[in-house]
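Below you'll find the structure, written out as structure tokens, and then a few comments.
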Amino acid sequence: MKAMDKWWLGTMLALLPLGPVHASTTLLSVCSAPPAVSEPNGQRALYASRGEEIWLTWSEHGDLPLGCHGLALPVPAESIRWVGPAERPADVDLPRELTLQGDMAASDVNVSEVIWHLAEPPADSAPAQDVPLQHPQSPDEDASAPRSAWIWSPEAWQSAADSLWALAEREHLDTLYLTLPVSADGELETPSAVSEFVSEASRRGIGIWPVIGDPRDVLSESLPALLNRVAAYRDYNRSVPPQARLDGLQLDIEPYLLAGFALGGDHWRERYIATIREAHATLDGEMPLDLVVPVWWGTHPAWGKRWLDALPDGKLSITVMNYRTDRDALRRGARPFLAWGSEHGVPIRMALESGPLPDETRLTFSSQAASAEGDKGQLWLFEQLSPPLLVLLDEPHAGLPGTPFVQVRESTFAGANLTFDGDQARLNAVANALTHEWQQQWPSFDGIAVHGLDAVYW
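Read in order, the letters of the sequence shown are residues -23 to -1, 1 to 435 in mature numbering (1 follows the signal peptide of the UniProt record, and there is no 0).
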């Protein structure tokens, strides 16, 4: 979510081509530990940490490194533009078409989403449209409906508090998620300034939640530092009067931004759950804990109810990065979370994006077109590997031990499908309508959060 990340769409791993490894045969291997290969530029770590290594290697030789499995591909290493896990949904047969979405620049392919069995409608290249506005800007038709927002820069509350209060009044905000720095030795920085600011927020009826989190926080070696920060907020609350206390702590941990995340979904899910449980225990019931999560975790086969049902009980809430602008898409993304929250008594907020997001390119590939061209393709699916992999080449190749796909079209996925991009009138119209709907249908619905207001107003 920081810097308007939109990896809630589903993160795939981008690999740059390695150095000039000239070979007629490239060895594509998946290894559970650092492989022992001696060729320079012959290997690349996707992610490496003590006991948690995932590697891909390119080798001029046909022998797999010890502890690895893979394929020998009759293509030079420099022709490989991108490699990513092929997470085919369980209910999707071998697709006739695949779409890669992301930044497809010639030298730096970065795939944000792999779309299976897709027949792209023309509307995908244009912003989604809703019912035209019939009323002026107003954050809430029902002023009691909770509304929160992130303001990332500490300077906003440290030196521009008046502007922050004006923003909260204009957008009818009852909660602010802020950066409250913690020192390396685990103490809240400038606690007297924090106490004064939070007391003023309390007087205005605004809750203050510090937000912390880094993708690497799910690593076992990073856990002590995370818990150190968590304890700092708990200890601050113990030391100040009620009006100066923080309303809760928000964790924005996004492990899907780690290289290699999609190669070990079960592993990272369990690491995330363990991390949340430790943070929750450190708060010891003294502060509520809110989790910022991507919308695709609601239905992903490795996540879904498997992670939701494993969360700790009590003083827990979830904020879903449901970054879409189309109302039907927002409803679909919200449903699994609101249903689970209603069943388990867990408050759920829906977050919308208002900051700028770039357009992305969609390249669509067809297996039928590849068959018609003599089983040649630029994109290859290797399902015999574990995990299955997709490999994008610089040009069509034939004779590889997998399923080929050839590019059949290119289109643009507009950032306006994901963000309201400063159009607060439209955001409020959509948020108002869905707030009323979700309040009627789901007891767990706890309001709307807005990301990107600092980009709109600062």
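Glycine residues also receive a C-beta, built at the ideal position from the N, C-alpha and C atoms.
Residue environment, residue i, which counts as buried when at least 16 other CB atoms sit within 10 Å
i, result
"PRO51", "exposed"
"HIS46", "exposed"
"HIS321", "exposed"
"GLY262", "exposed"
"SER84", "exposed"
"THR389", "exposed"
"SER421", "buried"
"SER160", "exposed"
"PRO381", "buried"
"VAL86", "buried"
"GLY237", "buried"
"PRO62", "buried"
"residue 437", "No answer is possible for residue 437: it lies beyond the span of the chain, which begins at -23 and ends at 435."
"ARG65", "buried"
"GLU74", "buried"
"ASP423", "buried"
"ASP70", "exposed"
"PRO218", "exposed"
"TRP415", "buried"
"ASP151", "buried"
C-alpha distance - residue i paired with residue j, whole-angstrom precision
i, j, result
"ASP431", "GLY241", "35 angstroms"
"ASP267", "ARG181", "22 angstroms"
"GLU330", "PHE314", "18 angstroms"
"ALA402", "ALA408", "10 angstroms"
"THR296", "PRO42", "43 angstroms"
"SER6", "TRP59", "14 angstroms"
"TRP129", "VAL272", "21 angstroms"
"GLU255", "PRO187", "18 angstroms"
"GLU132", "VAL175", "15 angstroms"
"LEU164", "TYR249", "For clarity, residue 164 is Glu in the given sequence; the question names Leu instead. Those two C-alpha atoms are separated by around 24 angstroms."
"VAL368", "HIS374", "11 angstroms"
"PHE342", "LYS353", "12 angstroms"
"ASP224", "LEU235", "30 angstroms"
"PRO12", "LEU48", "15 angstroms"
"HIS413", "THR3", "57 angstroms"
"ILE230", "ILE253", "9 angstroms"
"TYR213", "LEU203", "16 angstroms"
"LEU77", "TRP284", "27 angstroms"
"VAL427", "ALA138", "19 angstroms"
"VAL108", "ALA406", "Note that VAL108 scores 39 on pLDDT, short of 50, meaning its location in the model is unreliable; the coordinates nonetheless yield the value given after this. Distance between the alpha carbons of VAL108 and ALA406 is about 9 angstroms."
"GLU166", "ASP400", "36 angstroms"
"VAL10", "GLN220", "In the sequence under discussion, the amino acid at residue 10 is Ala, which differs from the Val named in the question. Their backbone Cα atoms lie some 52 angstroms apart in a straight line."
"ARG211", "ARG222", "9 angstroms"
Identified DSSP bridge partners for residue i
i, result
"MET264", "BP columns for MET264 are empty, so no partner."
"GLY310", "According to DSSP, which records beta bridges pairwise, GLY310 is partnered with nothing at all."
"GLN78", "GLU90, ARG339"
"ARG124", "ILE425"
"GLU164", "Beta-bridge pairing links GLU164 to no other residue."
"THR3", "LEU50"
"THR412", "Looking at the DSSP assignment, THR412 forms no beta bridge with any residue, so it has no partner."
"GLU330", "THR396, HIS428"
"PHE390", "GLU337"
DSSP state of residue i mapped onto helix, strand, coil
i, result
"GLN384", "strand"
"SER89", "strand"
"residue 442", "With the chain covering -23 to 435 only, the question about residue 442 has no answer from this structure."
"VAL270", "strand"
"GLU198", "helix"
"TRP419", "coil"
"PRO232", "helix"
"GLU360", "coil"
"SER284", "It is Trp, not Ser, that sits at residue 284 in the sequence shown. Helix, per DSSP."
"ILE183", "coil"
"TYR154", "strand"
"TRP317", "helix"
"LEU293", "strand"
"PHE238", "helix"
"GLY397", "Per the sequence shown, residue 397 should be read as Phe rather than Gly. Three-state DSSP puts PHE397 in coil, outside helix and strand."
"ALA63", "coil"
"TRP142", "helix"
"ARG193", "helix"
"ASP70", "coil"
"GLU255", "helix"
"PRO219", "helix"
"LEU377", "coil"
Rounded Cβ spacing between residue i and residue j (contact assumed at less than 8 angstroms)
i, j, result
"ARG124", "ILE425", "5 angstroms"
"SER56", "LEU370", "5 angstroms"
"GLU372", "GLN361", "So it is not a contact: roughly 23 angstroms between Cβ atoms."
"VAL207", "THR259", "5 angstroms"
"PRO232", "HIS257", "Contact doesn't hold; Cβ gap of about 17 angstroms is too wide."
"GLY392", "LEU334", "4 angstroms"
C-beta neighbour in chain D for residue i, strict 8 angstroms
i, result
"TRP419", "This model lacks chain D altogether; it includes just one protein chain."
Residue i: CB within 7 angstroms of a non-hydrogen atom of the ligand FMN
i, result
"PRO289", "Here there are no bound small molecules, and the ligand FMN is not part of this structure."
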